[in-house]
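For what it's worth, full-length UniProt numbering labels the leading residue of the sequence shown as 1, then goes sequentially. Below: one structure, written as structure tokens.
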Amino acid sequence: YIQNALETDYSNAKLEATNKLIKDIKRLGFGFRNFITLNIKKEKTYQVLSRC
1 YIQNALETDY
11 SNAKLEATNK
21 LIKDIKRLGF
31 GFRNFITLNI
41 KKEKTYQVLS
51 RC
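Shown next as structure tokens:
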């Protein structure tokens, strides 16, 4: 697996960054009473851009 990673230019960094952002938003969502306030909080977050 390591050899394949070194030989190819493929990366899942963007996917991993998106998954982390979703998990962080869910973690911040604990304690909100409804989806509207969570959605407002989500709109204030920034999108992670990868260099890959």
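Virtual Cβ for every residue (Gly too), placed ideally from N, Cα, C.
CA-to-CA distance, residue j to residue i, given in whole angstroms
i     : j     : result
Ala17 : Ser11 : 11 angstroms
Leu6  : Asp24 : 30 angstroms
Ile36 : Ala13 : 30 angstroms
Tyr1  : Thr8  : 11 angstroms
Ile27 : Arg33 : For clarity, residue 27 is Arg in the given sequence; the question names Ile instead. So the two alpha carbons sit approximately 14 angstroms from each other.
Cβ-based neighbour list, residue i, same chain, cut-off 7 angstroms, excluding 5 preceding and 5 following
i    : result
Gln3 : none
Span of the alpha helix (DSSP H) around residue i
i    : result
Asn4 : Ile2 to Glu7
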